[in-house]
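For the sequence shown, position 291 matches number 291 in full-length UniProt numbering, and the numbering has no gaps at all.
We put the CB at the ideal spot given by N, CA and C, even for glycine.
Data block below; observations after.
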Amino acid sequence: MRGLLASPLGLLVGLSLGALGGGGSILAVPALVFGAGESTRAATSTSLLVVAVAALMGMGSHWRAGRVRMGAGLAFGAVGLGGNAVGTVLNRHVDPDLLLLAFSAVMVVAAAGMWRRSSRPEARCDAPETPVEHDAVATPPGGPAPRPTTAGAATATQASEARSATLRVDRADLPRILVAGTLVGLMTGFFGVGGGFVIVPALVLTLGFSMPEAVGTSLVVIAVNAFVALGLRAGSLDIAWGDALPFLVLAVVGTLVGERIAGHIPAATLSRGFVGLLVVVAAYTAGSSVVALV
Numbered sequence: 001m002r003g004l005l006a007s008p009l010g011l012l013v014g015l016s017l018g019a020l021g022g023g024g025s026i027l028a029v030p031a032l033v034f035g036a037g038e039s040t041r042a043a044t045s046t047s048l049l050v051v052a053v054a055a056l057m058g059m060g061s062h063w064r065a066g067r068v069r070m071g072a073g074l075a076f077g078a079v080g081l082g083g084n085a086v087g088t089v090l091n092r093h094v095d096p097d098l099l100l101l102a103f104s105a106v107m108v109v110a111a112a113g114m115w116r117r118s119s120r121p122e123a124r125c126d127a128p129e130t131p132v133e134h135d136a137v138a139t140p141p142g143g144p145a146p147r148p149t150t151a152g153a154a155t156a157t158q159a160s161e162a163r164s165a166t167l168r169v170d171r172a173d174l175p176r177i178l179v180a181g182t183l184v185g186l187m188t189g190f191f192g193v194g195g196g197f198v199i200v201p202a203l204v205l206t207l208g209f210s211m212p213e214a215v216g217t218s219l220v221v222i223a224v225n226a227f228v229a230l231g232l233r234a235g236s237l238d239i240a241w242g243d244a245l246p247f248l249v250l251a252v253v254g255t256l257v258g259e260r261i262a263g264h265i266p267a268a269t270l271s272r273g274f275v276g277l278l279v280v281v282a283a284y285t286a287g288s289s290v291v292a293l294v
């Protein structure tokens with residue numbers, strides 16, 4: 001079964017979603033087209049299913065750590081409904097080879113954006129200093145012993161407060177959410193991707209999110225957009241379950257693993273490695289599409 005040959009790329013899709021909050025889903029379509037032999041439209045539907053479930057499964061640990069701005073994420077996804085519907089309609093009226101050619105251009109743009117983002121200082125930031133590090137500087141030898149119980153309680157309280165704060169949406173952010181969310185929804189419906197490579201920079205640059213918040217929140221938006229796009233295609237879904245299920249399982253595993261390695265490998269290193277892969281896949285996709293069109 002050719003689908004089994006494409007399944008390992010599902011792991012890569014999940015790794016990128018978990019570690020970077022996007023990017024990996026853009027590989028699903030070419031992997032399913034060239035690896036599993038699916039039609040372009042079937043591949044876009046399958047990729048939406050994979051991305052939606054993987055993002056939903058990967059959201060948990062980010063939420064527990066207070067890195068998900070749920071209110072903003074849901075609003076971002078909700079305003080993308082209109083764009084999603086338009087993109088889905090356009091997808092049905094575009095030549096499949098032309099769609100893949102346009103998709104390869106999007107991959108190049110995504111690669112450039114990820115490269116620029118990986119070069120910024122915030123993309124290379126480590127976790128913030130812990131209270132123990134501050135105590136080590138401020139407390140002289142022989143000073144008061146550390147109080148782990150109090151520190152633990154404070155940390156738990158801070159995490160709880162952070163999770164509560166994620167449900168709020170600043171009114172001043174709504175116009176920017178409207179514009180960016182609509183564009184992301186359009187791309188999701190048209191190309192069958194979650195749009196994480198667009199969502200993360202949008203959250204950082206337009207809403208001022210930190211990188212950890214943007215990564216966690218992007219999974220909310222990705223899941224909302226992908227499930228909505230699937231719903232809009234409900235009457236014409238063409239999913240080869242024999243290809244989709246192994247791909248999906250490995251994508252979920254990759255997402256969970258990606259969340260854990262994200263704290264141990266610099267985001268800039270992960271981003272740049274993925275950029276190289278995107279460029280290679282984009283070149284192959286564009287070349288194959290041009291040959292088919294000519």
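Inter-residue Cα distance where the pair is residue i and residue j
i: L101; j: S289; result: 6 Å
i: V89; j: G235; result: 13 Å
i: F76; j: P246; result: 30 Å
i: A202; j: V106; result: 16 Å
i: S61; j: L293; result: 45 Å
i: T182; j: R176; result: 10 Å
i: V224; j: A52; result: 7 Å
i: V29; j: V169; result: 33 Å
i: R67; j: A180; result: 20 Å
i: T149; j: A78; result: Interpretation of T149 is limited by its pLDDT of 49, a score under 50 that renders its predicted location unreliable; no figure is taken from the coordinates.
i: D243; j: Y284; result: 21 Å
i: A172; j: G208; result: 12 Å
i: G82; j: L219; result: 20 Å
i: G80; j: V86; result: 10 Å
i: V204; j: R64; result: 21 Å
i: V291; j: D238; result: 25 Å
i: M211; j: L248; result: 26 Å
i: R92; j: G287; result: 23 Å
Sub-9 Å separation of residue i and residue j beta-carbons
i: I261; j: L15; result: yes
i: E38; j: A251; result: no
i: N84; j: T188; result: yes
i: V193; j: V221; result: no
i: residue 295; j: L9; result: This structure does not reach residue 295, given that the chain is present from 1 up to 294, and the question cannot be answered.
i: S45; j: L174; result: no
i: F197; j: G113; result: yes
i: R69; j: G216; result: yes
i: L27; j: L256; result: no
i: A214; j: V228; result: no
i: A226; j: A55; result: yes
i: V103; j: F191; result: Correcting the residue type first, residue 103 is Phe in the shown sequence and not Val. Yes.
i: W115; j: R233; result: no
i: G22; j: G195; result: yes
i: I17; j: G71; result: Note that residue 17 corresponds to Leu in the displayed sequence, not to Ile. No, these two residues do not count as a Cβ contact at 9 Å.
i: V108; j: V279; result: yes
i: T40; j: V33; result: yes
i: S118; j: A282; result: no
Range covered by the alpha helix (DSSP H) that runs through residue i
i: G254; result: 241-261
i: L203; result: 196-207
i: P175; result: 174-191
i: P266; result: Note, P266: premise wrong, no alpha helix (DSSP H); not H, not E.
i: S45; result: 40-64
i: A36; result: First-last for A36: undefined, no H or E at that position.
i: G235; result: Neither: G235 is in no alpha helix (DSSP H) and is coded neither H nor E.
i: L74; result: 70-79
Residue i Cβ short of 8 Å to the ligand GTP heavy atom set
i: R92; result: Looking for the ligand GTP in the displayed structure turns up nothing, as the structure carries no ligands at all.
Starting from the N-terminal side, write out each stretch of the alpha helix (DSSP H) that is 4 residues or longer and does not extend beyond the stretch 87-126. 96-118
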